[in-house]
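Sequence lines, in order, name chains H and E.
Residue numbering for the first sequence follows our numbering, beginning at 147 and increasing consecutively.
Residue numbering for the second sequence follows our numbering, beginning at 16 and increasing consecutively.
Glycine is no exception: its CB is placed at the ideal position from the N, C-alpha and C atoms.
Worksheet: one structure, shown below.
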Amino acid sequence: MASASEISRARDEAATWHPGQVWQPPSRGQRWFDVAFRNLCLVFAALTIVLIVVLVIEIGLKAIPAFREYGLSFLGGRLWDSNKQTYGILPEIWGTLYTSLLALFFGSLFGVAAAIFLSEGYLGEAVFKLLTKMHLQLHPFWGTLPQRLEGLLKNLIELLAAVPSVVYGLWGLFVVIPLIRPFCNWLHGHFGWFPLFSTDLSGPGILPAVLVLSIMILPTITAISRNALVAVPQKLRMAAYGLGATRWETILGVLLPTASRGIFGGIVLAFGRALGETMALAMLVGNANRLTVSLFSPANTLAALLANTFPEAGAHEIPVLMYAALVLLAITLLVNVFGALVLERAAAKAEAI
Amino acid sequence: MSDPRPVPAKKSGSEALRHRAEAAAEQDPFAGVDFSKLEHSLYRPRTLFSVVLSLIVTLMTMLALIPLFAVLWMLIWRGGQKLSLAVFTHLPPAPLEQGGGFGNAIIGTLIMIGIASLITVPLGILTGVYLAQAPGESRLASAVRFSAKVLTGFPSILAGVFAYGAIVLVTGGYSAVAGGIALFILMLPTIILTSENAIAMVPAKMKEASIGMGATSAQTVWMVLLPTAMPGILTGVMLAVARAAGETAPLLFTALFSNYWITSGGHFNLMQPTASLAVLIYNFSGMPFKNQVELAWAAALVLVVLVLIINLIGQSLSRQQVQS
Numbered sequence: 147m148a149s150a151s152e153i154s155r156a157r158d159e160a161a162t163w164h165p166g167q168v169w170q171p172p173s174r175g176q177r178w179f180d181v182a183f184r185n186l187c188l189v190f191a192a193l194t195i196v197l198i199v200v201l202v203i204e205i206g207l208k209a210i211p212a213f214r215e216y217g218l219s220f221l222g223g224r225l226w227d228s229n230k231q232t233y234g235i236l237p238e239i240w241g242t243l244y245t246s247l248l249a250l251f252f253g254s255l256f257g258v259a260a261a262i263f264l265s266e267g268y269l270g271e272a273v274f275k276l277l278t279k280m281h282l283q284l285h286p287f288w289g290t291l292p293q294r295l296e297g298l299l300k301n302l303i304e305l306l307a308a309v310p311s312v313v314y315g316l317w318g319l320f321v322v323i324p325l326i327r328p329f330c331n332w333l334h335g336h337f338g339w340f341p342l343f344s345t346d347l348s349g350p351g352i353l354p355a356v357l358v359l360s361i362m363i364l365p366t367i368t369a370i371s372r373n374a375l376v377a378v379p380q381k382l383r384m385a386a387y388g389l390g391a392t393r394w395e396t397i398l399g400v401l402l403p404t405a406s407r408g409i410f411g412g413i414v415l416a417f418g419r420a421l422g423e424t425m426a427l428a429m430l431v432g433n434a435n436r437l438t439v440s441l442f443s444p445a446n447t448l449a450a451l452l453a454n455t456f457p458e459a460g461a462h463e464i465p466v467l468m469y470a471a472l473v474l475l476a477i478t479l480l481v482n483v484f485g486a487l488v489l490e491r492a493a494a495k496a497e498a499i
Numbered sequence: 016m017s018d019p020r021p022v023p024a025k026k027s028g029s030e031a032l033r034h035r036a037e038a039a040a041e042q043d044p045f046a047g048v049d050f051s052k053l054e055h056s057l058y059r060p061r062t063l064f065s066v067v068l069s070l071i072v073t074l075m076t077m078l079a080l081i082p083l084f085a086v087l088w089m090l091i092w093r094g095g096q097k098l099s100l101a102v103f104t105h106l107p108p109a110p111l112e113q114g115g116g117f118g119n120a121i122i123g124t125l126i127m128i129g130i131a132s133l134i135t136v137p138l139g140i141l142t143g144v145y146l147a148q149a150p151g152e153s154r155l156a157s158a159v160r161f162s163a164k165v166l167t168g169f170p171s172i173l174a175g176v177f178a179y180g181a182i183v184l185v186t187g188g189y190s191a192v193a194g195g196i197a198l199f200i201l202m203l204p205t206i207i208l209t210s211e212n213a214i215a216m217v218p219a220k221m222k223e224a225s226i227g228m229g230a231t232s233a234q235t236v237w238m239v240l241l242p243t244a245m246p247g248i249l250t251g252v253m254l255a256v257a258r259a260a261g262e263t264a265p266l267l268f269t270a271l272f273s274n275y276w277i278t279s280g281g282h283f284n285l286m287q288p289t290a291s292l293a294v295l296i297y298n299f300s301g302m303p304f305k306n307q308v309e310l311a312w313a314a315a316l317v318l319v320v321l322v323l324i325i326n327l328i329g330q331s332l333s334r335q336q337v338q339s
């Protein structure tokens with residue numbers, strides 16, 4: 147057995163550089179730097195977990211006074227009046243879930259459709275057919291056009307997510323609301339007995355908020371669903387075509403069921419986004435403390451309540467708002483953790499095929 | 016020959032085949048096959064269904080893209096009218112005042128993104144290095160990865176609530192630093208996940224060659240992995256910056272807003288309320304004055320152009336990424 151001093155002498159001997167030698171083992175300083183760097187990376191990585199814990203604790207601690215005072219009845223209360231010190235967030239919880247679910251419906255309908263359009267390569271196919279008619283499909287410039295257009299389309303849909311939400315809010319306020327108002331009021335006038343149309347759209351309201359929200363979550367759904375569809379092994383598609391299935395029999399019978407977990411995970415993550423989305427809703431939903439199913443009525447959401455009330459809140463209102471923030475945090479964390487788990491499972495399953 | 020079958024059996028088999036082929040040649044092999052049934056025809060419900068659904072999907076994708084062009088068109092049309100050199104150099108106008116601009120908001124946005132990037136970039140990239148280097152079964156690595164994924168969906172308003180509690184209440188006032196820290200929480204997960212991806216994409220042979228030459232793992236990271244993965248990492252940084260530039264909710268009650276330059280009073284002070292483009296758009300969009308609303312559209316145009324440029328830089332960088 148070599149003693150510790152012998153080992154360290156041998157290591158130093160190996161670390162000395164001899165003339166003409168190309169390689170060189172790390173010096174003592176380099177070894178020290180290596181250990182320090184690796185530990186630094188470890189600490190930074192651990193900080194990410196610490197950050198989430200601190201976020202939850204910070205908001206939770208600040209909410210304790212309000213929790214003691216109002217307890218669970220806060221969740222069921224319908225009134226928010228800082229003069230009477232009565233607070234309840236049932237309308238906000240309802241508004242958050244209602245707008246998010248409606249937006250999720252439109253968002254996933256169009257998002258999955260766009261994902262199918264992208265993963266099937268419809269655009270490239272059409273352009274290629276056109277090029278073949280013009281005998282340009284092998285041209286060095288025009289021949290690459292189908293591929294480049296496909297890439298452009300994918301980027302355009304991703305750009306939908308790049309537009310800041312406050313800009314969507316501005317657009318919704320000055321373009322969408324005036325545009326849909328006559329139609330909504332016509333619906334209210336003729337079908338006012340139907341609960342969804344039971345009020346008229348006088349300005350901001352649920353429908354414009356939902357429309358803008360679904361545009362905002364569409365890119366998330368499209369990107370994740372497209373990845374899931376592309377990950378379906380080519381042999382499954384070929385087998386379906388080989389059995390004589392048409393394109394849509396293949397899509398509905400083979401591709402969508404195989405990619406369903408990934409698509410579902412994407413939809414859950416988009417739901418999380420919609421629940422937490424703030425600015426577009428704060429500008430478009432109308433900021434009214436109302437419990438309603440009417441699409442044209444103003445309402446409120448948790449995030450919009452925080453954005454609108456926090457800047458002017460008095461000292462006694464801050465803990466109450468922190469309590470509302472804690473509720474929002476709990477809902478979104480729950481949905482996001484569930485979505486991330488579903489996607490992880492889906493990835494594991496996709497590898498197994 | 017390795018054929019185990021006895022020779023006579025084989026002979027008779029091939030003879031039988033030849034007989035059958037001769038018999039088949041005498042009559043039409045496709046007799047009784049109705050070719051019109053095999054052709055692609057829109058009159059058959061199966062194919063019609065497929066074509067109709069294809070058309071619907073095409074239509075829906077085009078519909079989904081309309082908002083993008085509608086927003087861009089409105090920004091150029093309404094924002095472009097107001098755009099001039101003055102809006103970049105002047106301070107926001109008071110109500111009923113004409114003219115004015117949002118020079119201080121542009122500076123404020125850049126400063127707060129700078130503060131956030133200063134914290135996030137080292138933290139995020141080194142975490143990405145750790146995740147890419149960690150062995151597959153590492154519990155900590157999968158926990159960190161999972162936290163980062165959960166953080167991507169963290170509501171931006173809650174980042175503001177956190178920074179309000181942790182910075183504004185502690186330091187006693189709204190400040191650019193509080194805004195920067197709120198933005199940092201939103202930028203971190205993007206940078207972590209894209210750096211991990213970019214580093215994992217570096218061909219294994221490059222890493223192994225470096226270790227084979229006697230490099231320590233820190234040297235491998237600094238001299239081989241990071242330089243090779245740099246385009247991918249920068250793409251992630253650009254995406255995170257683009258997202259942070261447009262964020263409003265976390266700044267509403269951390270950086271608040273200011274009608275003055277950040278150097279007001281003669282000295283540069285990060286611990287005072289700071290204007291940002293996003294909050295300016297929000298505040299001015301709700302005002303009943305025509306001048307303010309027009310400025311909000313111009314600010315939105317500037318913000319979107321800024322975000323799109325950062326995004327495009329990120330996308331062009333990602334094309335330079337080395338693929339394994």
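(request) For residue 227(H), name the three-state secondary structure that DSSP assigns. (result) In the first sequence, residue 227(H) corresponds to position 81, counting from 1. Looking at residue 227(H) - three-state DSSP - the assignment turns out to be strand.
(message) Distance check for residue 75(E) and residue 255(H), CA to CA, integer angstroms please.
(response) Mapped onto the first sequence, residue 255(H) falls at position 109. Mapped onto the second sequence, residue 75(E) falls at position 60. So the alpha carbons of these two residues sit roughly 9 angstroms apart.
(message) Give me, in chain order, the residues of the same chain whose beta-carbon lies closer than 8 angstroms to that of residue 289(H); leave out the 5 immediate sequence neighbours on both sides.
(response) By one-based count along the first sequence, residue 289(H) stands at place 143. The residues are 277, 282, 283.
(message) Looking at the secondary structure, which residues open and close the alpha helix (DSSP H) in which residue 447(H) lies?
(response) Mapped onto the first sequence, residue 447(H) falls at position 301. Run containing residue 447(H): none; DSSP gives neither H nor E here.
(request) Pair every Cβ in the region 195 to 205 of chain E with every Cβ in the region 167 to 185 of chain E, then say whether three or more of these pairs are closer than 8 angstroms. (result) yes
(message) By alpha-carbon positions, which one of 397(H), 388(H), 417(H), 389(H) ends up nearest to residue 363(H)?
(response) Taking the first residue of the first sequence as position 1, residue 363(H) is located at position 217. Looking at the Cα atoms, 417(H) is the closest of the given residues.
(request) Determine the burial state of residue 193(E): buried for a count of at least 16 other Cβ atoms within 10 Å of its Cβ, exposed for fewer. (result) Here residue 193(E) refers to the residue found at position 178 of the second sequence. When all chains shown are included, residue 193(E) counts as buried.
(message) My parser needs the beta strand (DSSP E) runs of 3 or more residues fully inside the region 95 to 131 of chain E; what are they?
(response) none
(request) Would you kindly report the start and end of the unbroken alpha helix (DSSP H) that includes residue 393(H)? (result) Translated into the one-based positions of the first sequence, residue 393(H) becomes position 247. It spans 393 to 396 - the alpha helix (DSSP H) in which residue 393(H) sits, taken as one unbroken run.
(request) Return the first residue and the last residue of the alpha helix (DSSP H) that residue 176(E) is part of. (result) For the purposes of this step, residue 176(E) is taken as the residue at position 161 of the second sequence. First-last of the alpha helix (DSSP H) with residue 176(E): 171 to 178.
(request) Assign residue 338(H) to one of two classes, buried (16 or more other C-beta atoms within 10 Å of its C-beta) or exposed (fewer than that). (result) Sequence index remark: in the first sequence, residue 338(H) carries index 192 (1-based). Exposed, because fewer than 16 other Cβ atoms sit within 10 Å of the Cβ of residue 338(H).
(request) Measure the C-alpha to C-alpha separation of residue 56(E) and residue 392(H) and round it to an integer number of angstroms. (result) Position 41 of the second sequence, counting from 1, holds the residue named residue 56(E). Position 246 of the first sequence, counting from 1, holds the residue named residue 392(H). Their backbone Cα atoms lie some 12 angstroms apart in a straight line.
(request) Measure from the alpha carbon of residue 242(E) to the alpha carbon of each residue in 289(E), 327(E), 221(E), then state which is nearest. (result) By 1-based counting over the second sequence, the position of residue 242(E) is 227. Of the candidates 289(E), 327(E), 221(E), the one whose C-alpha sits nearest the C-alpha of residue 242(E) is 221(E).
(message) So with CB distances below 7 angstroms, who are the chain E contacts of residue 216(H)?
(response) Reading the first sequence from its first residue, position 70 is the one you call residue 216(H). What residue 216(H) touches in chain E: nothing, since even the nearest Cβ is about 18 angstroms away.
(request) Pick helix, strand or coil for residue 58(E), following the three-state DSSP scheme. (result) Reading the second sequence from its first residue, position 43 is the one you call residue 58(E). Here residue 58(E) sits in coil by DSSP.
(request) Establish whether the CB of residue 418(H) and some CB of chain E are separated by less than 8 angstroms. (result) In the first sequence, the residue the question calls residue 418(H) occupies position 272. Yes, because at least one Cβ of chain E sits closer than 8 angstroms to the Cβ of residue 418(H).
(message) Beta-carbon within less than 7 angstroms of residue 117(E)'s beta-carbon, same chain only, minus the 5 sequence neighbours each way: which residues are those?
(response) Translated into the one-based positions of the second sequence, residue 117(E) becomes position 102. For residue 117(E), where only same-chain residues beyond five positions count, the Cβ hits under 7 angstroms are 102, 107, 292, 295, 310, 314.
(request) Verify the CB distance criterion: does residue 24(E) have a CB-CB separation below 8 angstroms to chain H? (result) In the second sequence, residue 24(E) corresponds to position 9, counting from 1. Any reading at residue 24(E) must be qualified, since the residue scores a pLDDT of 48, below 50, and its modelled position is unreliable; no value is offered.
(request) Please determine, among 231(H), 227(H), 226(H), the residue with the shortest C-alpha to C-alpha distance to residue 215(H). (result) As a position in the first sequence, residue 215(H) is number 69, starting the count at 1. Per the Cα distances, 231(H).
(message) I believe residue 213(H) touches residue 469(H) by the beta-carbon criterion, under 8 angstroms. Please report the beta-carbon distance rounded to the nearest angstrom.
(response) Translated into the one-based positions of the first sequence, residue 213(H) becomes position 67. Translated into the one-based positions of the first sequence, residue 469(H) becomes position 323. At roughly 6 angstroms, the Cβ-Cβ gap stays under 8 angstroms, so residue 213(H) and residue 469(H) are in contact.
(message) Within a Cβ cutoff of 6 angstroms, which residues of the same chain sit near residue 400(H), ignoring the five residues on either side of it in sequence?
(response) Position 254 of the first sequence, counted from the first residue, corresponds to residue 400(H). So the qualifying residues of the chain are 382, 386.
(request) Within the region 416 to 487 of chain H, note down every full alpha helix (DSSP H) run reaching 4 residues or more, in order along the chain. (result) 425 to 430, 448 to 455
(request) Keeping to the same chain, check which residues put their C-beta closer than 7 angstroms to that of residue 477(H); ignore five residues upstream and five downstream. (result) Counted from its first residue, the first sequence places residue 477(H) at position 331. Within the same chain, residue 477(H) has close Cβ partners 421.
(request) Rank 66(E), 129(E), 89(E), 35(E) by C-alpha distance to the C-alpha of residue 259(E) and give the top, closest one. (result) Locating residue 259(E) in the second sequence gives position 244, where the first residue counts as 1. The residue with the shortest Cα to Cα distance from residue 259(E) is 129(E).
(request) Specify, as a first and last residue, the run of the alpha helix (DSSP H) that residue 197(H) falls within. (result) For this step, residue 197(H) is matched to residue 51 along the first sequence. It spans 174 to 216 - the alpha helix (DSSP H) in which residue 197(H) sits, taken as one unbroken run.
(message) Does the structure place the region 223 to 243 of chain H close enough to the region 434 to 452 of chain H that three or more beta carbon pairs sit under 8 angstroms?
(response) yes
(message) Rounding to the nearest angstrom, what Cα-Cα distance links residue 472(H) and residue 495(H) in this structure?
(response) Taking the first residue of the first sequence as 1, we reach residue 472(H) at position 326. Taking the first residue of the first sequence as 1, we reach residue 495(H) at position 349. Rounded to whole angstroms, residue 472(H) to residue 495(H) spans 34 angstroms at the Cα level.
(message) List, in chain order, every chain H residue whose beta-carbon is nearer than 9 angstroms to that of residue 171(E).
(response) On the second sequence, residue 171(E) is found 156 positions in, with the first residue counted as 1. Those are 311, 422, 423, 424, 425, 449, listed as they occur along chain H.
(request) To the nearest angstrom, report how far apart residue 327(E) and residue 395(H) are at their CA atoms. (result) Counted from its first residue, the second sequence places residue 327(E) at position 312. Counted from its first residue, the first sequence places residue 395(H) at position 249. Roughly 38 angstroms separates the two Cα atoms.
(request) Out of 440(H), 303(H), 475(H), point me to the one whose CA is closest to residue 331(H)'s CA. (result) By one-based count along the first sequence, residue 331(H) stands at place 185. With distances taken between Cα atoms, residue 331(H) lies closest to 440(H).
(message) Once DSSP output is grouped into helix, strand and coil, what is the label at residue 25(E)?
(response) Here residue 25(E) refers to the residue found at position 10 when the second sequence is read from its first residue. At residue 25(E) the pLDDT is 49, less than 50, meaning the model places this residue with poor confidence; the figure from the coordinates comes in the next sentence. It is helical.
(message) Would residue 292(H) and residue 273(H) be called neighbours here (beta carbons separated by less than 8 angstroms)?
(response) For the purposes of this step, residue 292(H) is taken as the residue at position 146 of the first sequence. For the purposes of this step, residue 273(H) is taken as the residue at position 127 of the first sequence. In this structure, residue 273(H) lies closer than 8 angstroms to residue 292(H) by Cβ.
(message) Quick check on DSSP: helix, strand or coil for residue 233(H)?
(response) Your numbering for residue 233(H) matches position 87 in the first sequence. In the structure shown, residue 233(H) sits in a strand (DSSP, three-state: E or B).
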